[in-house]
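What follows is a single structure, written as structure tokens, with notes after it.
There are 4 protein chains.
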Amino acid sequence: MSIRHPVLASSPAPRRTLLAAALLALSGTAAAFSPTVVNTNITEADVRSAQEGWGKALIQISEDHASGGLSKAKATAGAVLDAAYGYNMGVVLFKPTLAHGQQTFRTTRAGALAYFVGDDKTYPDDTGFALKGWKKYEFKNAGVFINGDLALTQGHVMLTDKQGKVTVVDKTWGFKKDEKGQLRIVLHHSSLPYQPAK
Amino acid sequence: MSIRHPVLASSPAPRRTLLAAALLALSGTAAAFSPTVVNTNITEADVRSAQEGWGKALIQISEDHASGGLSKAKATAGAVLDAAYGYNMGVVLFKPTLAHGQQTFRTTRAGALAYFVGDDKTYPDDTGFALKGWKKYEFKNAGVFINGDLALTQGHVMLTDKQGKVTVVDKTWGFKKDEKGQLRIVLHHSSLPYQPAK
Amino acid sequence: MSIRHPVLASSPAPRRTLLAAALLALSGTAAAFSPTVVNTNITEADVRSAQEGWGKALIQISEDHASGGLSKAKATAGAVLDAAYGYNMGVVLFKPTLAHGQQTFRTTRAGALAYFVGDDKTYPDDTGFALKGWKKYEFKNAGVFINGDLALTQGHVMLTDKQGKVTVVDKTWGFKKDEKGQLRIVLHHSSLPYQPAK
Amino acid sequence: MSIRHPVLASSPAPRRTLLAAALLALSGTAAAFSPTVVNTNITEADVRSAQEGWGKALIQISEDHASGGLSKAKATAGAVLDAAYGYNMGVVLFKPTLAHGQQTFRTTRAGALAYFVGDDKTYPDDTGFALKGWKKYEFKNAGVFINGDLALTQGHVMLTDKQGKVTVVDKTWGFKKDEKGQLRIVLHHSSLPYQPAK
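Chains as they are written, first to last, in my numbering: chain H, 1 to 198; chain A, 1 to 198; chain P, 1 to 198; chain B, 1 to 198.
Written as structure tokens, this is what we have:
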């Protein structure tokens, strides 16, 4: 949620301010439209920023693993889940790339944490996707659908590890903007590309 | 709903195009975000444009009444209701300025038309609010609340008639963006300012 | 936001549970639809409950004023504004029945509190609308428009004071469901009925 | 969008009527809440019905292929895309189970039709997913997230062909309710389960 209010003029609201500035430049009169505008909608800039945030967080967990071991990686992963996923909203529809069988869907925070950093006996097949030495990410959205405080994206994500090996995944995200203006992942479906028989 | 698609690059989508251009100017890379973005949300620019549209329509009905009589005014008012109100969505919550008693709320198109141009035996007290020779309008929004495809505004509207007399009303609107990107009034509460006893 | 989750089966969620029970009765298989459903939408039952809550709160302030004087009434009114209005979301579009002139719109909490209980030098004309000895309320909705987490209502509200005098107002509300499932008033336009010249 | 209006009492609105009946049974006074309620939100019942519709449509295309050949299957598939997908809204984020490479994402109707029935030189690898003799479908939702007129689901779908072979896919859907009350798929990510190396 972004708020523009005269008495809040000095408060930080970078994305909103940029957009307002852009609109001002276009119209010359945006400031007169209303002294107070509250807008709960997601913008393209929000979505791009959230995707970047996800990529940076994945790399951060990998780096923290390298520098501080599992406990540091686990703390970072937990913080990422709390800040950028919607488990606090009741459920996240999360199908991680390598999850399978009875544990394909990680609708709880515990299931997501196990997937990212492993070390959980309840999820014995999880080896920690975020611990694989990721160094670089790139997004190639095929489409974006913005609907109120929810945005859906679909496309390829390219992840590069420390050996320079690139993993491509087919990725779908749903982001919901919470009351503080933070985008949270409420939907995440990741899968390895289909390999046709040769 | 606004759509940005490469194959639609030549189609007209003025508001969206301006915003995209503004974002491009800000970021330099908006075009790479996704080849296709659909956005169903209302923007501030949409709301401002819809308010302007309402003011212009009111004056148009007055002018058509002056130049072409009641039948021309009625045709224009009907067209305005069909294009800019949400009666096609099932209901409009409409409390017009001078409506009262059992006919205070005009939740149907017939009730709204009667209010604007009168001439309907079912609404005997209606004399046609839009026929009062309006020449000028001005908006002073106190606040705007944007929530998905719905935007709420509240503030003063100043209407000037051909004698130069200014009528101030307290005005609340709810606009919903339809599937074609058109904003429709689904809520309209207008009232004369409270006059305290002296 | 309502959440249905097996591990939360014993938690209190009265409205949701009733609805789920009703759906179960209809279909016989609702429980199998999904182990976890999160639903952020407003329901008719939510809206009715919020309207009732507003009526009860108004009477409570009046009663607290009678039993505990202005300070008690003010405390209750503040609690009502914090629990049931959306000032925490950045703005409320509030046009109270008797507000007028430069202070017609009470987009801040301070302005709303002054309107309900007076005693604020910034708002010298406010005598405290909630202190008028209200005993009974009744709603007669003309229409309801539900759109996501936002619901709009319009209709008559009849308030009866301790002398048995009934005041009728034309009332428009916008309710937004917050992340905790609480409906908050983000729009409120109240006006005395128009009195045609005789 | 569902509409309840006294003068429309005889019009067909089955899902809404059931819900209204259920609420009536619960409260005894739902009818008095408002003479007119418009509700644009998706319900759980809507989502279940849309999932069932997708399953039935897939089987119908297979059956029409068996009985009437490719042209009949293609006509049915086209009708399904027009009725139940959101290509008319500007884009569908569609990652079909077996699509890959440069043609992984089928954001256009042509790409979706090719995937379901093949026979399109632009998509040389498509052999027609809907032509595989499907006889039965089953859904097992892991979670559902309902947000305004948009609902997200994630879970397993089990498809059985005429030889009795069962194919399991990991499936994510996004449904948007259009202005006529029809749910349309705006997001669809389907993938084969991950097979861990042994």
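Note that CB positions come from ideal geometry on N, CA and C, so glycine has one too.
Computed from a prediction, not measured in an experiment: that's the story for all the values here.
Out of the options, state which residue places its alpha-carbon closest to the alpha-carbon of residue i.
i, options, result
"residue 190/H", "175/B, 165/B, 168/B and 154/B", "154/B"
"residue 164/A", "184/A, 186/A and 134/A", "134/A"
"residue 61/B", "182/B, 198/B, 139/B and 130/B", "130/B"
"residue 96/P", "38/P, 33/P and 106/P", "106/P"
"residue 171/P", "182/P, 156/P, 185/P and 100/P", "156/P"
"residue 81/B", "102/B, 66/B, 58/B and 101/B", "58/B"
"residue 33/B", "162/P, 70/P and 139/P", "139/P"
"residue 187/H", "145/B, 195/B, 192/B and 181/B", "145/B"
"residue 284/H", "181/H, 122/H and 87/H", "In the structure as shown, chain H begins at 1 and stops at 198. Residue 284/H is therefore absent and cannot be evaluated."
"residue 89/A", "109/A, 98/A and 100/A", "109/A"
"residue 169/P", "83/A, 104/A, 198/A and 142/A", "104/A"
"residue 132/B", "124/B, 118/B and 192/B", "118/B"
"residue 50/H", "193/H, 192/H and 173/H", "173/H"
"residue 197/H", "166/B, 125/B, 198/B and 148/B", "125/B"
"residue 143/P", "181/A, 142/A, 94/A and 100/A", "94/A"
Once the 5 residues before and after residue i are set aside, which same chain residues still bring their CB inside 7 Å of it?
i, result
"residue 64/P", "72, 73 and 76"
"residue 91/B", "107"
"residue 206/B", "Outside the shown range of chain B, which is 1 to 198, sits residue 206/B, and nothing can be said about it."
"residue 116/B", "61, 77, 128, 129 and 130"
"residue 85/B", "92, 112, 184 and 185"
"residue 53/B", "84"
"residue 167/B", "159"
"residue 192/H", "97 and 169"
"residue 161/P", "132, 133, 134 and 135"
"residue 149/P", "40, 41, 42, 176 and 177"
Between residue i and the rest of its own chain, which residues show a CB-CB distance below 6 Å, the 5 nearest in sequence each way excluded?
i, result
"residue 137/P", "55 and 159"
"residue 151/A", "42, 47 and 175"
"residue 195/B", "none"
"residue 67/P", "none"
"residue 141/B", "153 and 155"
"residue 120/A", "114"
So, with DSSP's three-state summary, where would you put residue i?
i, result
"residue 191/H", "strand"
"residue 42/B", "coil"
"residue 106/P", "coil"
"residue 64/B", "helix"
"residue 33/B", "coil"
"residue 178/H", "coil"
"residue 140/H", "strand"
"residue 56/H", "helix"
"residue 113/A", "helix"
"residue 118/H", "coil"
"residue 163/P", "coil"
"residue 81/B", "helix"
"residue 197/B", "coil"
Please find out if some non-hydrogen atom of the ligand MG comes closer than 7 Å to the beta-carbon of residue i.
i, result
"residue 109/B", "Absent from the structure shown: the ligand MG. Ligands present: none."
Flag residue i as yes if its beta-carbon sits less than 8 Å from any beta-carbon of chain P, otherwise no.
i, result
"residue 190/B", "no"
"residue 91/A", "yes"
"residue 48/B", "yes"
"residue 148/H", "yes"
"residue 194/A", "yes"
"residue 28/B", "Note that residue 28/B has pLDDT 38, beneath the 50 cutoff, so the model's placement of it is unreliable and the number below is only indicative. No, residue 28/B does not count as interfacial toward chain P."
Between residue i and chain H, is there a C-beta pair that is closer than 8 Å?
i, result
"residue 65/B", "no"
"residue 144/A", "yes"
"residue 141/A", "yes"
"residue 120/B", "no"
"residue 152/B", "yes"
Using beta carbons (cut-off 8 Å, strictly below), is residue i in contact with chain B?
i, result
"residue 155/H", "yes"
"residue 97/H", "yes"
Closer than 8 Å, CB to CB, is residue i near chain A or not?
i, result
"residue 187/P", "yes"
"residue 125/P", "yes"
Whose C-beta lies closer than 8 Å to the C-beta of residue i among residues of the same chain, with five residues either side of it excluded?
i, result
"residue 87/H", "81, 108, 109 and 112"
**Request:** Taking only beta carbons into account, state which residues of the region 168 to 181 of chain P come closer than 9 Å to chain C, listed in chain order.
**Result:** Judged by its chain identifiers, the structure shown contains no chain C, and its protein chains are H, A, P and B.
**Request:** Could you name the residues of the region 34 to 46 of chain H whose beta carbon sits closer than 9 Å to any beta carbon of chain A, in the order they occur along the chain?
**Result:** 34, 35, 36, 37, 38, 39, 40, 41, 42, 43, 44 and 45
**Message:** Output needed in chain order: residues of the region 99 to 111 of chain B with a Cβ under 7 Å from some Cβ in chain A.
**Reply:** 107
**Message:** Please identify, using Cβ separations under 9 Å, the residues of the region 67 to 78 of chain B that lie next to chain H, in order along the chain.
**Reply:** none
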